[in-house]
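Numbering-wise (this note's numbering), the sequence shown opens with residue 205 and increments by one.
All residues carry an ideal CB built from backbone N, CA and C; glycine is no exception.
As the structure is a prediction and not an experimental result, all values here were calculated from the model.
Okay, so here's the structure we're looking at.
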Amino acid sequence: MKLLPEETRRFVSAMVPDRDDTLREMETHGEEIGFPTVGPEVGGFLRVVARMVGAERIFEFGSGFGYSAYWFAGALPDDGEIVLTEHDPDELDDAREYLERGGYADRAVFEDGDALETVERHDGPFDVVLIDCHKDGYPDAFDAVREKVAEGGVVVADNAMESGIQDFETILEILEDGDPDDVDDQTRGIADYLLAVRDDPDFETVAIPLGEGIAVSYRT
Ligand SMILES: C[S@@+](CC[C@H](N)C(=O)[O-])C[C@H]1O[C@@H](n2cnc3c(N)ncnc32)[C@H](O)[C@@H]1O
Numbered sequence: 205m206k207l208l209p210e211e212t213r214r215f216v217s218a219m220v221p222d223r224d225d226t227l228r229e230m231e232t233h234g235e236e237i238g239f240p241t242v243g244p245e246v247g248g249f250l251r252v253v254a255r256m257v258g259a260e261r262i263f264e265f266g267s268g269f270g271y272s273a274y275w276f277a278g279a280l281p282d283d284g285e286i287v288l289t290e291h292d293p294d295e296l297d298d299a300r301e302y303l304e305r306g307g308y309a310d311r312a313v314f315e316d317g318d319a320l321e322t323v324e325r326h327d328g329p330f331d332v333v334l335i336d337c338h339k340d341g342y343p344d345a346f347d348a349v350r351e352k353v354a355e356g357g358v359v360v361a362d363n364a365m366e367s368g369i370q371d372f373e374t375i376l377e378i379l380e381d382g383d384p385d386d387v388d389d390q391t392r393g394i395a396d397y398l399l400a401v402r403d404d405p406d407f408e409t410v411a412i413p414l415g416e417g418i419a420v421s422y423r424t
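Below, the structure is given as structure tokens:
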């Protein structure tokens with residue numbers, strides 16, 4: 205399903221901040237291999253969020269070939285840090301190459317392996333966290349990182365509304381207090397994540413229909 209009417213989508217798309225040749229090349233690469241990056245609209249949003257909170261440290265669950273990380277990196281100070289996590293070593297190699305090309309490799313930490321294990325090796329505080337790994341892992345990712353999010357920090361979850369492997373209507377039903385039968389693991393993961401951040405007294409969360417839908421949670 206389309207989250208936005210076509211004209212609204214074009215409007216949002218026309219407002220994406222300027223991006224360099226490397227980001228555009230990454231977009232072409234993603235399209236060619238059919239890789240699900242966050243896309244330029246969410247990418248631009250991530251960079252603005254990082255700038256708004258003055259981010260110095262960022263953690264990503266699921267970095268692929270570094271598209272979202274590249275957007276983030278542009279907002280970091282020279283001594284900032286972004287931790288990329290990816291369990292596909294080939295994707296991580298591509299991420300390293302792209303971030304090197306952008307001049308951001310000095311502020312990037314490349315972690316090969318399961319993001320849910322990697323996060324245990326990194327102390328907070330993080331100013332921004334992106335959750336974009338396997339969908340049934342979102343609740344565990346949030347549990348693992350919530351104490352490491354700085355006060356005034358932000359957690360962004362991609363695919364809050366759709367991803368091609370989760371059921372939008374079922375998630376909506378669960379959010380509206382329904383109790384559907386036979387919920388698949390991906391749908392359950394996203395729904396449980398959204399309930400967790402919505403009901404967490406230390407976070408204030410909104411859902412935004414950008415890209416495939418993001419949930420943005422501010423740590424109070
Ligand atoms: C949807 S893609 C998004 C990548 C990136 N955020 C972007 O916008 O380009 C998700 C990536 O997370 C990786 N991934 C999924 N679950 C993971 C996990 N538990 N640990 C590490 N990587 C994971 C996948 O291999 C895939 O490359």
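Check: Can you check which of these residues, G356, L376, E295, is closest to F330 by C-alpha distance?; Outcome: G356
Check: Does the Cβ of L176 lie closer than 8 Å to at least one heavy atom of ligand 1?; Outcome: Because the chain here runs from 205 to 424, residue 176 falls outside it and cannot be looked at.
Check: In the DSSP assignment, find the beta strand (DSSP E) that holds F314 and state where it starts and stops.; Outcome: 312-316
Check: So is P343 buried or exposed if we call it buried at 16+ other beta carbons inside 10 Å?; Outcome: buried
Check: Which same chain residues, not among the five before or five after W275, have their C-beta less than 6 Å away from its C-beta?; Outcome: G247, L250, R251
Check: Under 8 Å: do the region 268-287 and the region 303-311 share three or more Cβ pairs, one atom per stretch?; Outcome: yes
Check: Taking only the alpha-carbon atoms, compute the straight-line gap between I286 and P209 and give it to the nearest angstrom.; Outcome: 34 Å
Check: Go ahead and label L376 buried or exposed: buried means 16 or more other beta carbons lie within 10 angstroms of its beta carbon, across all protein chains shown.; Outcome: exposed
Check: May I ask you to report which of helix, strand or coil DSSP gives A299?; Outcome: helix
Check: Taking buried to mean at least 16 other C-beta atoms within 10 Å of its own C-beta, is I418 buried or exposed?; Outcome: buried
Check: Under 8 Å from any heavy atom of ligand 1, does the C-beta of T226 make it?; Outcome: no
Check: How do the region 403-417 and the region 355-375 stand: do at least 3 beta-carbon pairs fall below 8 Å, yes or no?; Outcome: yes
Check: For L453, is the beta carbon positioned less than 8 Å from some heavy atom of ligand 1?; Outcome: Outside the modelled stretch of the chain, which goes from 205 to 424, sits residue 453, for which no answer is possible.
Check: Measure the CB-CB distance between V333 and E264 and report whether it falls below 9 Å.; Outcome: yes
Check: With which residues is S421 paired in a DSSP beta bridge?; Outcome: V359, T409
Check: Would you identify the three-state DSSP class for E290, choosing helix, strand or coil?; Outcome: strand
Check: Looking at C-alpha atoms only, which residue of D297, Q370, D327, E231 is the closest neighbour of F314?; Outcome: D297
Check: Does the distance from the CB of L379 to the CB of A354 come in under 9 Å?; Outcome: no
Check: Rounding to the nearest angstrom, what Cα-Cα distance links A279 and E231 in this structure?; Outcome: 19 Å
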